[in-house]
Amino acid sequence: MNKAQIVVGAVALVAGGGAFLMMHKKPVQAPQLPAVVAPLISMTDELLTAKRDLPYGSTLTPNDMAWTEWPKGSLPKGGVVKSASPNAMEEIKDSLVRAPIANGEPIRRERIVKGATAGMMSTLLTSGKRAIAIDVSANTTAGGFILPNDRVDIFKLYRDPELTKERGADAMSTELVVSNVRVLAMGQTVETKNGEAVVTGATATLELDPRQAEQVLLAQRTGSLTLALRPLVDAQPKDDSPESQVERADGSMTIVRYGVSTSLHPK
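The opening residue of the sequence shown carries number 1 in full-length UniProt numbering; numbering runs sequentially from there.
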């Protein structure tokens, strides 16, 4: 046997032995990872939710609300939690819904309002009334002394075409538009000019019924309006009569009946 055959036989022997060892070697096991256990979520918090759809303007009753279990850590901002406010149902009942709340949705405090709120004009209005703003100045608001909740009469100053024709020169007349109405707010009108806030006027917000609102809006288009402050003791009508009278120095009288004014002049 020559040297080449010896080398080939040795290589074959080594290769066969390696293959034998590989076949009988135990497989390497992958390391076992610890099982991941999901954390338990506490459901001990109870959140106040709506039991039905609550539209804008609806009044909350205990039957509209329910305590619902809610995961800790995901409570909505402004939500009412029982652990913090156990008597919340009693506290917020009779509140008005200022933004719609869906069935099952958390009742958040910013979506409800209870009682008259200065920042929300609609809560200040008497049922059936409307809020109308008119342009005013210190000269047309009793020197600026008219305040919210005061009672006023509204007069219109206008150019009288018939009297102008009769006299041959411009003539002005006054007319009582509405009487004894409540002032809701007095405020300035602010506009931005050249990056600065500039006061451009003032407004008076009045509480009127729909018929009075029509009269005031029309009067504002056809003349200038002046608010006459009424005495506090005379703020409320003496009876339930829908008719009121205003007598002038010249003996003429304006009768306002159901919001319609009629002027009577002495013969």
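By construction, the Cβ of each residue, glycine as well, lies at the ideal position given by its N, Cα and C atoms.
Our contact map puts residue i next to residue j with C-beta atoms below 8 Å; I'd like the distance itself, whole angstroms only.
| i | j | result |
| --- | --- | --- |
| V113 | L227 | The pair is not a contact, with the Cβ atoms about 29 Å apart (cut-off 8 Å). |
| K156 | T174 | 7 Å |
| I134 | L218 | Rounded, the Cβ-Cβ distance is 12 Å, inconsistent with contact. |
| E105 | W70 | Their Cβ separation, rounded to whole angstroms, is 12 Å, which puts E105 and W70 out of contact at 8 Å. |
| P76 | R108 | 6 Å |
| Q215 | V178 | 6 Å |
Which stretch, first to last residue, makes up the beta strand (DSSP E) that contains residue i?
| i | result |
| --- | --- |
| L225 | S224 to L229 |
| A50 | D45 to A50 |
| A66 | M65 to W70 |
Who are the near neighbours of residue i in its chain, counting only those whose CB is closer than 8 Å to its CB and skipping five residues on each side?
| i | result |
| --- | --- |
| I146 | V152, V183, M186, A204, L227 and L229 |
| L80 | The question names Leu, yet the displayed sequence has Val at residue 80. Once the five neighbours on either side are set aside, the close Cβ partners of V80 are L47, L48, A88, I92, P106, I107, R108 and R109. |
Around the Cβ of residue i, are there at least 16 other Cβ atoms within 10 angstroms (buried) or fewer (exposed)?
| i | result |
| --- | --- |
| A84 | exposed |
| S74 | exposed |
| T49 | buried |
| P161 | exposed |
| L232 | exposed |
| D150 | buried |
Ignore the nearest five residues each way along the sequence and tell me which others in residue i's own chain have a CB closer than 6 Å to its CB.
| i | result |
| --- | --- |
| T164 | D170 and A171 |
| M89 | P62 and M65 |
| G128 | none |
| S224 | L157 |
| M121 | A131 |
| P55 | P100 |
| A116 | T123 and L124 |
Residues in the same chain with beta-carbon distance under 7 Å from residue i, minus the five sequence neighbours each way, listed in chain order, please.
| i | result |
| --- | --- |
| G57 | L96 and V97 |
| T126 | E207 |
| K93 | L60, T61 and P62 |
| R111 | V97, R98, A99 and I101 |
Can you find a CB in chain D that lies within less than 8 Å of the CB of residue i?
| i | result |
| --- | --- |
| E162 | Among the protein chains of the structure shown there is no chain D, as only one such chain exists. |
message: My parser needs the alpha helix (DSSP H) runs of 4 or more residues fully inside the region 76-162; what are they?
response: 88-92
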